[in-house]
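These protein sequence lines are chains E and U, in that order.
Its first residue numbered 5, the first sequence is counted upward by one per residue in our numbering.
Its first residue numbered -2, the second sequence is counted upward by one per residue in our numbering.
Where is the CB? At the ideal position from N, CA and C, for every residue including glycine.
Predicted model only: the values in this text are computed from it and were never measured.
First comes the structure, then the notes that go with it.
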Amino acid sequence: TQLLEQSPQFLSIQEGENLTVYCNSSSVFSSLQWYRQEPGEGPVLLVTVVTGGEVKKLKRLTFQFGDARKDSSLHITAAQTGDTGLYLCAGDEGGGNKLTFGTGTQLKVEL
Amino acid sequence: KAGVTQTPRYLIKTRGQQVTLSCSPISGHRSVSWYQQTPGQGLQFLFEYFSETQRNKGNFPGRFSGRQFSNSRSEMNVSTLELGDSALYLCASSFTGQGLGNTIYFGEGSWLTVV
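Put into structure tokens, the structure is as follows:
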């Protein structure tokens, strides 16, 4: 069974600070996705990274896929209260919608 | 367009009972997958259906089953409920379920509490 470990598990910061969330695995994935989930809702896809070393930017969010396609990071610049939520990475093994989800990072951004 | 719709949103069942959850995918989507989310285990894959056939299955006991209808709507059933089955059950749909351009959309989930 492939596992995805995320760190940190919890993160509480002030608005305007920067942060990085890590997603690590011992296995290789064909692609890796990042989701954000808010209370009472399902996860919402933020980005999909496919190529080793790939970097994608989504406004203040920067996503990176490791060269060996085993790990990924999410960096948020100048966090806002609206960034609060559960961030999940998910690895695609390449066969259908069978995603392996990470352990999750609960982010709280306060004024 | 309408998103993934799951019913019911909340339900409470007693140990030993069975439950059926329903999922209506986004119009045109043929792949439907189910996930269980708990505080302890996180999000875990249950199974995936495509064109009425189960294409992938996670590591859950046989008490968990599902099916997909010709209109792509899906149901999952849990028999002989246990306290540990209390969880948020999420349904997700996508157009094909494969390929790099395949985007997965999740519903809001069905909250199941077993007492």
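For residue j and residue i, the rounded distance between their alpha carbons
i               : j               : result
E97 of chain E  : P43 of chain E  : 27 Å
G81 of chain U  : V111 of chain U : 8 Å
E114 of chain E : N99 of chain U  : 35 Å
E79 of chain U  : W31 of chain U  : 19 Å
V59 of chain E  : F105 of chain E : 20 Å
H26 of chain U  : Q18 of chain E  : 40 Å
R6 of chain U   : I23 of chain U  : 17 Å
C88 of chain U  : G39 of chain U  : 15 Å
I101 of chain U : T77 of chain U  : 30 Å
A84 of chain U  : V29 of chain U  : 19 Å
V53 of chain E  : C27 of chain E  : 13 Å
R12 of chain U  : G37 of chain U  : 20 Å
T4 of chain U   : G59 of chain U  : 22 Å
L8 of chain U   : Q33 of chain U  : 15 Å
E45 of chain E  : G56 of chain E  : 31 Å
Residue i vs residue j beta-carbon contact at 8 Å
i               : j               : result
G104 of chain U : T35 of chain U  : no
L62 of chain E  : V51 of chain E  : yes
G70 of chain E  : Y91 of chain E  : no
Q10 of chain E  : V25 of chain E  : yes
E72 of chain U  : S21 of chain U  : no
Y86 of chain U  : S69 of chain U  : no
N53 of chain U  : F66 of chain U  : no
E29 of chain E  : L15 of chain E  : Sequence check: residue 29 of chain E is Ser here, not Glu. Not a contact, by the Cβ cut-off of 8 Å.
N74 of chain U  : S90 of chain U  : no
T81 of chain E  : L111 of chain E : no
K74 of chain E  : S34 of chain E  : no
F42 of chain U  : L103 of chain E : yes
Y39 of chain E  : A83 of chain E  : no
Chain E residues whose Cβ lies nearer than 8 Å to that of residue i
i               : result
E105 of chain U : G44, E45 and G46
Residue i, enclosing beta strand (DSSP E) - first and last residue
i               : result
R40 of chain E  : S35 to Q41
A84 of chain U  : A84 to S91
L43 of chain U  : G39 to F47
K54 of chain U  : T50 to K54
L115 of chain E : Careful: L115 of chain E lies outside any beta strand (DSSP E) and carries neither H nor E.
E9 of chain E   : E9 to S11
T17 of chain U  : V16 to S21
L109 of chain U : S107 to V111
L23 of chain E  : L23 to N28
S30 of chain U  : S28 to T35
L103 of chain E : L103 to F105
Within chain U, partners of residue i - CB distance below 9 Å
i               : result
G108 of chain E : G39 and L40
L92 of chain E  : G39 and L40
Beta-carbon neighbours of residue i, restricted to chain E and to distances below 7 Å
i               : result
T100 of chain U : L49
A89 of chain U  : N101
Chain-ordered chain U contacts of residue i [CB-CB under 7 Å]
i               : result
F105 of chain E : G39 and L40
Interface residues of chain E facing residue i [CB-CB closer than 9 Å]
i              : result
S62 of chain U : By Cβ distance, chain E contributes nothing, its closest Cβ being about 17 Å from S62 of chain U, past 9 Å.
S30 of chain U : G100, N101, K102 and L103
Which runs of the beta strand (DSSP E) fall wholly inside the region 45 to 91 of chain E and span at least 3 residues, in chain order? 48 to 53, 59 to 62, 65 to 69 and 75 to 80
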